[in-house]
Amino acid sequence: MSLPGDRREGPSPVSGGGNEVLTADSSRSVTVAQMVASSQRLRLNPNKDHKPDSYEDLQVDFSPSIFSSLERYLPPSMLGVSRDDKVKFMREILVKYLPHGERNRVQKHRDYRKKIISNYLPLHKELYTIHPTMFFVPSFLKAISDNTEESFRSMMSEPSPGVFTFEMLQPRFCELLLAEVENFEKWVNETKFRIMRPNTMNKFGAVLDDFGLETMLDKLMEGFIRPMSKVFFPEVGGSTLDSHHGFVVEYGKDRDVDLGFHVDDSEVTLNVCLGKQFSGGELFFRGTRCDKHVNTGSQSEEIFDYSHVPGRAVLHRGRHRHGARATTSGHRINLLLWCRSSVFREMKKYQKDFSSWCGECLREKKERQRLSIAATKSGNPLDIKNTPINPAEPLIIFNFLHALFN
1 MSLPGDRREG
11 PSPVSGGGNE
21 VLTADSSRSV
31 TVAQMVASSQ
41 RLRLNPNKDH
51 KPDSYEDLQV
61 DFSPSIFSSL
71 ERYLPPSMLG
81 VSRDDKVKFM
91 REILVKYLPH
101 GERNRVQKHR
111 DYRKKIISNY
121 LPLHKELYTI
131 HPTMFFVPSF
141 LKAISDNTEE
151 SFRSMMSEPS
161 PGVFTFEMLQ
171 PRFCELLLAE
181 VENFEKWVNE
191 TKFRIMRPNT
201 MNKFGAVLDD
211 FGLETMLDKL
221 MEGFIRPMSK
231 VFFPEVGGST
241 LDSHHGFVVE
251 YGKDRDVDLG
261 FHVDDSEVTL
271 NVCLGKQFSG
281 GELFFRGTRC
291 DKHVNTGSQS
301 EEIFDYSHVP
311 GRAVLHRGRH
321 RHGARATTSG
331 HRINLLLWCR
341 SSVFREMKKY
351 QKDFSSWCGE
361 CLREKKERQR
371 LSIAATKSGN
381 PLDIKNTPIN
391 PAEPLIIFNF
401 LHALFN
């Protein structure tokens, strides 16, 4: 889900929300305020050697992972202060750049989740914390443990460029997650609670983050998906994935039947079939495209169809155009994890050429090169250049606003 918001509104003073659970004396507060007032700048690039604090035990008004990610961008003078002071410093910046209307939306969604979690009783609590040997098949665990391109490729196949498939989930985990989703849907029906569906295209299914699985899915992204994405999708922010949107979709009788041609609101998408018994429902892929070229035609080498197998995962770029054919019988449920990089999204604003991952940009680039070579040979060289990247320095803070609660 994208984050709309009117950014015409200027910075707002910080007040209320979230600070009540933090403890700090007045002298500390003055010190932090002075640091902010003195225009302390965030680093343009993260401090990769710094190990950030964990903020998961704090009841703060942004996702704990946002604070952990932003901490690497703090100025050196802030790295040695207490965690409470870092929270104050970072929260002041986050709130300053978040439009008032967006703050209201964040607050409403936080209240929505809180209401669900405080009333819904989980069926299988073991799902809410990562248990690798219970969740994943041995071949997947070994590849992640070795953490090399060779180990990843040894357990996966690449049937079409940029589409990776591999065995991932244990049958028992699939059964437990399916039971948890059914239990949640039963609670929704009994309480007549109106829930938000995963996206604008799926009318059935549930957002796993909304009923308590957000932390588990964060760990799944950070510890198991990001290592692979760093290797296979570095050009779309695969090494800087820092937020996610996790959900299940359901297809079959009295459910969604198919899914139209689209791209995901993600940099990297994990799609795992959980079951059950079904026929049809194949994914069809038609090449990776940037915003400018999203509706262009497909080349023959970009056309690929994939049949789902329970427990087996598909990993691909979010901008890889795809859809799902009709599920002709039975009931198919898939786990989707849209992984996002706020750094990539910010830097993308300053680029015009995406030939490193957009198939049509690459085709146009090759055509320009061909024309340039032909013109040179004919004695009439053309001044054909790639569009340069805008050197303007991005606002680092907007790297994190995309990840607020998705």
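Anchor point for the sequence shown: position 158 equals 158 in this note's numbering, and the numbering is continuous, going up by one each time. Beta carbons: idealized from backbone N, C-alpha and C, even for Gly.
L79 burial status per 10 Å Cβ neighbour count (16 or more: buried): For the purposes of this step, residue 79 is identified with residue 79 of the sequence shown, where counting begins at 1. Flag for L79 reads exposed.
Which listed residue (M90, D146, L121 and A206) has its alpha carbon closest to that of P227: Walking along the sequence shown from the start, residue 227 turns up at place 227. Closest option to P227, Cα to Cα, is D146.
For M196, three-class secondary structure by DSSP: In the sequence shown, counting from the first residue as 1, residue 196 sits at position 196. The answer is coil: DSSP assigns M196 none of H, G, I, E or B.
Where F184 falls: helix, strand or coil (DSSP): For the purposes of this step, residue 184 is taken as the residue at position 184 of the sequence shown. Here F184 sits in helix by DSSP.
Range covered by the alpha helix (DSSP H) that runs through P76: Position 76 of the sequence shown, counting from 1, holds the residue named residue 76. Unbroken alpha helix (DSSP H) run through P76: P76 to L79.
Integer Cβ distance of A324 from L274, believed to fall under 8 Å: Indexing the sequence shown from 1 puts residue 324 at position 324. Indexing the sequence shown from 1 puts residue 274 at position 274. Not quite, the Cβ-Cβ distance comes to about 15 Å (not below 8 Å), so this is no contact.
Those runs of the beta strand (DSSP E) which lie wholly inside the region 306-339 and span at least 3 residues: 312-317 and 320-324
One or two residues paired with S300 in a DSSP bridge: On the sequence shown, residue 300 is found 300 positions in, with the first residue counted as 1. Bridge pairing for S300: absent [DSSP].
Reduced DSSP secondary structure (H/G/I, E/B, other) of L178: Position 178 of the sequence shown holds residue 178. Three-state DSSP puts L178 in a helix.
Closest by C-alpha distance to T327, when choosing among E302, S356, T376 and Q277: Walking along the sequence shown from the start, residue 327 turns up at place 327. Ranking the options by Cα distance to T327, first place goes to Q277.
Identity of the residue in Y97, R194, E302 and R41 nearest I116 by Cα: In the sequence shown, the residue the question calls residue 116 occupies position 116. Out of Y97, R194, E302 and R41, R194 has the C-alpha closest to the C-alpha of I116.
Residues near G260 by beta carbon distance below 6 Å, same chain, minus five either side: Position 260 of the sequence shown, counting from 1, holds the residue named residue 260. If we look at G260 and ignore the five residues flanking it on each side, its Cβ neighbours are G323.
Bridge-paired residues (DSSP) for D256: Counting from one through the sequence shown, the residue named residue 256 turns up at place 256. Beta-bridge pairing links D256 to Y251.
Test item: CB-CB of T165 and A313 under 8 Å: Here the question's residue 165 lines up with position 165 in the sequence shown. Here the question's residue 313 lines up with position 313 in the sequence shown. The answer is yes: Cβ separation under 8 Å.
Span of the alpha helix (DSSP H) around R91: In the sequence shown, residue 91 corresponds to position 91, counting from 1. From DSSP, the alpha helix (DSSP H) with R91 extends over R83 to Y97.
Cutoff 6 Å; reference F232; Cβ partners in own chain excluding five residues on either side: Taking the first residue of the sequence shown as 1, we reach residue 232 at position 232. No residues qualify anywhere along the chain.
M201 burial status per 10 Å Cβ neighbour count (16 or more: buried): Locating residue 201 in the sequence shown gives position 201, counting from the first residue. By the 10 Å Cβ count, M201 comes out exposed.
Pairwise C-alpha distance: R43 and S65: By 1-based counting over the sequence shown, the position of residue 65 is 65. By 1-based counting over the sequence shown, the position of residue 43 is 43. The alpha-carbon atoms of S65 and R43 are separated by roughly 18 Å.
C-alpha distance - L177 paired with K125, whole-angstrom precision: Translated into positions along the sequence shown, residue 177 becomes position 177. Translated into positions along the sequence shown, residue 125 becomes position 125. Their backbone Cα atoms lie some 10 Å apart in a straight line.
Residues near R83 by beta carbon distance below 7 Å, same chain, minus five either side: Residue numbering aside, residue 83 sits at position 83 when the sequence shown is read from its first letter. The beta carbon of R83 sits closer than 7 Å to the beta carbons of D53 from its chain, once the five residues preceding and following it are set aside; these are given in chain order.
Among R289, P171, V207 and R317, the one whose alpha carbon lies nearest that of I225: Stepping through the sequence shown from its first residue, residue 225 is reached at position 225. Comparing Cα-Cα distances from I225 to each of R289, P171, V207 and R317, the minimum goes to R317.
Where K88 falls, given that 16 or more other Cβ within 10 Å makes a residue buried: Counted from its first residue, the sequence shown places residue 88 at position 88. Buried, because 16 or more other Cβ atoms sit within 10 Å of the Cβ of K88.
Residue range of the unbroken beta strand (DSSP E) whose run includes F278: Translated into the one-based positions of the sequence shown, residue 278 becomes position 278. Where F278 is concerned, the enclosing beta strand (DSSP E) stretches over F278 to G280.
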